[in-house]
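Just so you know, we're using the numbering used here here: the sequence shown kicks off at 225 and counts up by one. What follows is a single structure, written as structure tokens, with notes after it.
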Amino acid sequence: MPASSDHQVQDHAHAEIGQAAAEGDLVAMMELSHANRLATLGYLAASVTHEMKQPIAAAVTNAMAGLRWLDRPRPDLDRARAAFDRIVRDGNRASNTLGRIRALIRKAPPRNDRLEINEAIREVIELTCGETMKNAVSVRTELADGLPLIEGDRVQLQQVALNLVINAVEAMSGVSKEARELLISTGTTEAGDVRVTVQDSGPGVDPDSVNRLFEAFYTTKPSGTGIGLAICRSIVEAHGGRLWAETNQPQGAVFQFTVPAQPESAS
Ligand code: ADP
Numbered sequence: 225m226p227a228s229s230d231h232q233v234q235d236h237a238h239a240e241i242g243q244a245a246a247e248g249d250l251v252a253m254m255e256l257s258h259a260n261r262l263a264t265l266g267y268l269a270a271s272v273t274h275e276m277k278q279p280i281a282a283a284v285t286n287a288m289a290g291l292r293w294l295d296r297p298r299p300d301l302d303r304a305r306a307a308f309d310r311i312v313r314d315g316n317r318a319s320n321t322l323g324r325i326r327a328l329i330r331k332a333p334p335r336n337d338r339l340e341i342n343e344a345i346r347e348v349i350e351l352t353c354g355e356t357m358k359n360a361v362s363v364r365t366e367l368a369d370g371l372p373l374i375e376g377d378r379v380q381l382q383q384v385a386l387n388l389v390i391n392a393v394e395a396m397s398g399v400s401k402e403a404r405e406l407l408i409s410t411g412t413t414e415a416g417d418v419r420v421t422v423q424d425s426g427p428g429v430d431p432d433s434v435n436r437l438f439e440a441f442y443t444t445k446p447s448g449t450g451i452g453l454a455i456c457r458s459i460v461e462a463h464g465g466r467l468w469a470e471t472n473q474p475q476g477a478v479f480q481f482t483v484p485a486q487p488e489s490a491s
């Protein structure tokens, strides 16, 4: 696909996701098509959090109102009861939203595609080229030939790669534009697993606390959710693989994940 149409696809996807999010309809957002399902995991997590926050905040406000009506010298039971009715309504609202999200996830169980990792990674690179260009990041790819096929959910694995690329771009926002380099490569490990590596020239990771990055809600970004890498790790492990981070030389971070080769296609 020519670069301009990639951008159109991406812009279109972002516009639809943005519109669904603006309408506050997370479920509609999650029902969007393939390209759009490639929203970053952090973005989805932020939307779930947002959608849950409203009914919970409303329940707390109503509980406080109910207590105030009861705490009066002459408790106003009617008003207190009305406040508790509203709490029941808020609780049901939250639980309905969660139920709908759960039903949606069940509707789309992880698929077991036989897939060519390079093809999946190329699509992620195309989808992110608007973001890398906007941030003046120079992107290099080294996709190995003749890799064995893997078995798994293409969209989920693409979400992992997408998250690693976006994290790398964000990490490099603090270094000068000329020094922003991203290398995306594929290959095999000694054990014959397929490997995807995303390497950047950002501030890097502290070797002593590198595992904390994968903990849910660990974030160093003002508007981060800290959930992206936690979900990435669980997706990779559900595929029988591993995801880890290391320090890059001379600077930056290296995030890598492996997925076992499909038995028949392993050499
Ligand atoms: P979020 O991006 O919302 O913070 P993540 O789970 O994706 O959540 O990342 C957790 C944290 O890991 C980030 O806040 C950042 O501190 C660190 N991190 C992730 N990727 C990189 C990277 N490429 N270079 C340096 N630090 C990173």
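The beta carbon of each residue, even a glycine, is placed where N, CA and C say it ideally should be.
Check: Should E247 go down as buried or exposed, given a rule of 16 or more other Cβ atoms within 10 Å for buried?
Finding: For the purposes of this step, residue 247 is identified with residue 23 of the sequence shown, where counting begins at 1. Because E247 sits at a pLDDT of 44, beneath the cut-off of 50, its placement in the model cannot be relied upon, and the following sentence gives the value as read from the coordinates. Classification for E247: exposed.
Check: Does DSSP classify Q480 as helix, strand or coil?
Finding: Your numbering for residue 480 matches position 256 in the sequence shown. Residue state, collapsed to three classes: strand.
Next item on the list: With a threshold of 6 Å, establish whether the CB of N391 neighbours any heavy atom of the ligand ADP.
Entry: The count along the sequence shown starts at 1 and reaches residue 391 at position 167. Yes; taking the cut-off as 6 Å, the Cβ of N391 has a heavy atom of the ligand ADP nearer than that.
Next item on the list: With a threshold of 16 other CB atoms inside 10 Å of the CB of V312, please say whether the residue is buried or exposed.
Entry: Numbered from its first residue, the sequence shown carries residue 312 at position 88. It counts as exposed.
Item checked: Segment contact, 8 Å Cβ cut-off, at least three pairs: the stretch 462-475 with the stretch 287-296 -> no
Notebook entry, point to check: Can T421 be considered in contact with the ligand ADP, in the sense that its beta carbon sits closer than 6 Å to one or more heavy atoms?
Noted result: For the purposes of this step, residue 421 is taken as the residue at position 197 of the sequence shown. Not under cutoff, so the answer is no.
Check: Considering only residues of the same chain and omitting the five flanking positions on each side of T356, which have a CB-CB separation below 7 Å?
Finding: As a working mapping, residue 356 is identified with position 132 in the sequence shown. So the list reads V363, V393 and L406, once near-sequence residues are dropped.
Check: Are the Cβ atoms of G426 and A395 separated by less than 7 Å?
Finding: Translated into the one-based positions of the sequence shown, residue 426 becomes position 202. Translated into the one-based positions of the sequence shown, residue 395 becomes position 171. Against a cut-off of 7 Å, the Cβ pair of A395 and G426 comes out as a contact.
Next item on the list: Use the C-beta contact count for D187: other C-beta atoms within 10 angstroms, 16 or more gives buried, fewer gives exposed.
Entry: The structure shown does not extend to residue 187, since the chain is modelled only from 225 through 491, so no value can be given for it.
Next item on the list: Given a cut-off of 7 Å, decide if G450 and F441 are closer than it, judged by their beta-carbon atoms.
Entry: Here the question's residue 441 lines up with position 217 in the sequence shown. Here the question's residue 450 lines up with position 226 in the sequence shown. Yes.
Notebook entry, point to check: Bridge partners of G376, per DSSP?
Noted result: As a working mapping, residue 376 is identified with position 152 in the sequence shown. D337, per the DSSP bridge assignment.
Note to self: Do L373 and R338 have their beta-carbon atoms positioned less than 7 Å apart in this structure?
What the structure shows: Working through the sequence shown from its first residue, we reach residue 338 at position 114. Working through the sequence shown from its first residue, we reach residue 373 at position 149. A contact, by the Cβ cut-off of 7 Å.
Note to self: Using the three-state DSSP reduction, which class does A469 fall into: helix, strand or coil?
What the structure shows: Your numbering for residue 469 matches position 245 in the sequence shown. Looking at A469 - three-state DSSP - the assignment turns out to be strand.
Checklist line | Of the listed residues P484, V389 and A287, nearest to G416 (C-alpha basis) | finding: The residue you call residue 416 lines up with position 192 of the sequence shown. Nearest C-alpha to G416: P484.
Note to self: Would T410 and I349 qualify as a contact pair, given that the criterion is a beta-carbon distance under 7 Å?
What the structure shows: Position 186 of the sequence shown, counting from 1, holds the residue named residue 410. Position 125 of the sequence shown, counting from 1, holds the residue named residue 349. It is not a contact, given that the beta carbons lie outside the stated cut-off.
Checklist line | Euclidean distance between Cα positions of Q480 and V361 | finding: To locate residue 480, count along the sequence shown from 1; it is residue 256. To locate residue 361, count along the sequence shown from 1; it is residue 137. Approximately 19 Å between the Cα atoms of the pair.
Next item on the list: Please indicate yes or no: does the CB of D424 lie closer than 6 Å to some heavy atom of the ligand ADP?
Entry: Here the question's residue 424 lines up with position 200 in the sequence shown. Taking the Cβ of D424 as the reference point, at least one heavy atom of the ligand ADP falls within a distance shorter than 6 Å.
Next item on the list: Can you tell me which of the three DSSP states S362 falls into?
Entry: Locating residue 362 in the sequence shown gives position 138, where the first residue counts as 1. Here S362 sits in strand by DSSP.
Notebook entry, point to check: So is D295 buried or exposed if we call it buried at 16+ other beta carbons inside 10 Å?
Noted result: On the sequence shown, position 71 is the one that residue 295 refers to. D295 is exposed by the Cβ-count criterion.
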